[in-house]
Ligand SMILES: *[C@@H]1O[C@H](CO)[C@@H](O)[C@H](O)[C@H]1NC(C)=O
Ligand SMILES: *[C@@H]1O[C@H](CO)[C@@H](O)[C@H](O)[C@H]1NC(C)=O
Ligand SMILES: *[C@@H]1O[C@H](CO)[C@@H](O)[C@H](O)[C@H]1NC(C)=O
Ligand SMILES: *[C@@H]1O[C@H](CO)[C@@H](O)[C@H](O)[C@H]1NC(C)=O
Ligand SMILES: *[C@@H]1O[C@H](CO)[C@@H](O)[C@H](O)[C@H]1NC(C)=O
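This is the structure we're talking about:
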């Protein structure tokens, strides 16, 4: 997503059978990008998940932070870079949306609003319609602004549990005395519970940012630029803990590879990807770190499985590129491509700016 305040575009690339990318087109979302009050740096949305796809319903969702809308597209599975806008962009149910998520069936999308009117709001979606689910608009009650201000005190990511029973949002803390948390609502028959359950980050954590579920557990790996990352355990056994990453500057994004079984957290400040293993007791350990190159400023990652291998795609707005890593096994990631985004954008006259570029997702034909 270009996330430009003059007009937001999705840049779509094909993934080859070798995992490499080939840029195909730029598609207007019908809305405007936006930039938070974050001191003018990258990660203008202070979020993970500003673009989401469903390979079940063949759809793509994207936030237009600057116009407080979300846009839904249907994806042509025979030519996945071909995106067709469903209806018109629809109000996000709040202000400055910065993250979206599909449910497993791909017929519901929830949006996270991070502005002065903040909270969650969900929609029923199909290839030809998108409509608000009226009993899903819930406030986070944050003292925020439009555009949002942060990173501290801003919401980070929204997620719908695969069993369809919960909506989960990460919220960054303000300081050590007011640490961040996960807010969890129950979903029943298209309705969200009135109140959310709040799970604080474990001691040592502070700024829960991007997160991914831990396979076969009720737990998450949660990136945290105050320390490194947190394991947050929802199972009732308290196996939660905060883990430091040496020399971390801004570990804000997280991804999982089912082929290596490991987690990858992304540090925009140190331009570093750290691979993490989590054992059966939810104890985590760093496996290896990989540089994406000085000043690449990596952020949103996405994984794609091709044959028997996973590939990790990481947006590097500092160089207006996508870093492509082949995951040859645990501890064996290898950069195989740095895809240039700026050249294609220039050729189709779509502006891209390092401080605005954000959001990425992979789509699989099924
Ligand atoms: C909200 O945040 C502003 C700016 O930091 C602050 O001045 C104000 O006191 C806060 N309001 C509340 C109710 O906390
Ligand atoms: C679920 O919602 C539908 C539509 O609002 C309603 O007809 C149905 O009775 C509800 N089912 C339950 C179990 O509440
Ligand atoms: C769980 O354990 C962590 C780390 O020991 C601690 O910081 C946290 O407060 C505990 N949470 C609960 C709910 O007991
Ligand atoms: C990154 O910068 C450091 C310090 O300036 C330099 O030593 C190093 O060679 C650079 N690395 C790359 C991959 O350019
Ligand atoms: C890029 O975006 C930032 C933040 O919106 C803005 O300050 C800057 O002028 C833009 N740069 C260009 C070359 O448009």
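In the numbering used here, the protein residues as written are 2 to 367. Cβ atoms here follow ideal geometry from the backbone N, Cα and C, with glycine treated the same way. These numbers come from a predicted model, not from an experiment.
Sorted by chain position, which residues of the same chain lie with C-beta nearer than 7 Å to residue i's C-beta, five sequence neighbours on each side aside?
i           : result
residue 190 : none
residue 366 : 78 and 81
residue 88  : 130 and 131
residue 248 : 271
residue 200 : 182, 183, 185, 233 and 235
residue 198 : 185
residue 288 : 263, 276, 277, 278, 331 and 332
residue 17  : 23
residue 108 : 58, 125, 126 and 127
residue 214 : 221
Excluding five sequence neighbours on each side, which residues of the same chain lie with their C-beta closer than 8 Å to the C-beta of residue i?
i           : result
residue 167 : 161, 185, 186, 187 and 188
residue 378 : The first residue shown for the chain is 2 and the last is 367, placing residue 378 beyond what the model contains.
residue 90  : 30, 31, 32, 65, 68, 70, 71 and 72
residue 311 : 258, 259, 260, 261, 304, 305 and 328
What is the DSSP secondary structure of residue i, reduced to helix, strand or coil?
i           : result
residue 166 : coil
residue 146 : coil
residue 318 : helix
residue 240 : coil
residue 229 : strand
residue 8   : strand
residue 66  : helix
residue 120 : strand
residue 348 : helix
residue 128 : coil
residue 184 : strand
residue 177 : coil
residue 303 : strand
residue 13  : strand
residue 216 : coil
residue 362 : coil
residue 343 : helix
residue 47  : coil
residue 23  : strand
residue 246 : coil
residue 38  : strand
residue 199 : strand
residue 194 : coil
residue 97  : coil
residue 84  : strand
residue 251 : coil
residue 133 : strand
residue 18  : coil
residue 156 : strand
What I want to know is whether the C-beta of residue i ends up closer than 7 Å to one or more non-hydrogen atoms of ligand 1.
i           : result
residue 65  : no
residue 144 : yes
Which residues does DSSP list as the beta-bridge partners of residue i?
i           : result
residue 335 : 327
residue 355 : Paired residues: none, contrary to the question.
residue 276 : 265 and 289
residue 111 : 102 and 123
residue 139 : 121
residue 206 : 204
residue 235 : None; residue 235 has no bridge partner.
residue 309 : Answer is none; residue 309 lacks a bridge partner.
residue 60  : 55 and 75
residue 92  : 70
residue 189 : 192
residue 256 : 265
Between which residues of its own chain and residue i is the CB-CB distance below 6 Å, once the five residues before and five after are set aside?
i           : result
residue 244 : 229, 230 and 285
residue 227 : 207 and 208
residue 291 : 274 and 334
Would you say the beta carbon of residue i comes nearer than 7 Å to a heavy atom of ligand 6?
i           : result
residue 335 : Ligands present in the displayed structure are limited to ligand 1, ligand 2, ligand 3, ligand 4 and ligand 5, and ligand 6 is not among them.
Taking contact to mean at least 3 C-beta pairs separated by less than 8 Å, is the stretch 346-354 in contact with the stretch 286-297? Segments in contact, no.
Across the stretch 29-47 and the stretch 66-74, are there enough close Cβ pairs to call them in contact, namely three or more that are closer than 8 Å? Yes, they touch.
Does the structure place the stretch 279-289 close enough to the stretch 297-316 that three or more beta carbon pairs sit under 8 Å? No contact exists between the stretch 297-316 and the stretch 279-289.
So does the stretch 257-277 actually touch the stretch 233-242, counting three or more Cβ pairs closer than 8 Å? No, they do not touch.
Spell out a yes or no on whether the stretch 37-48 and the stretch 83-101 are touching, meaning 3 or more CB-CB pairs, one atom from each, closer than 8 Å. The answer is yes - the stretch 83-101 touches the stretch 37-48, with three or more Cβ pairs under 8 Å.
Taking 8 Å as the cut-off, does the stretch 113-120 touch the stretch 145-156 (at least 3 CB pairs, one atom from each stretch)? The stretch 145-156 vs the stretch 113-120: in contact.
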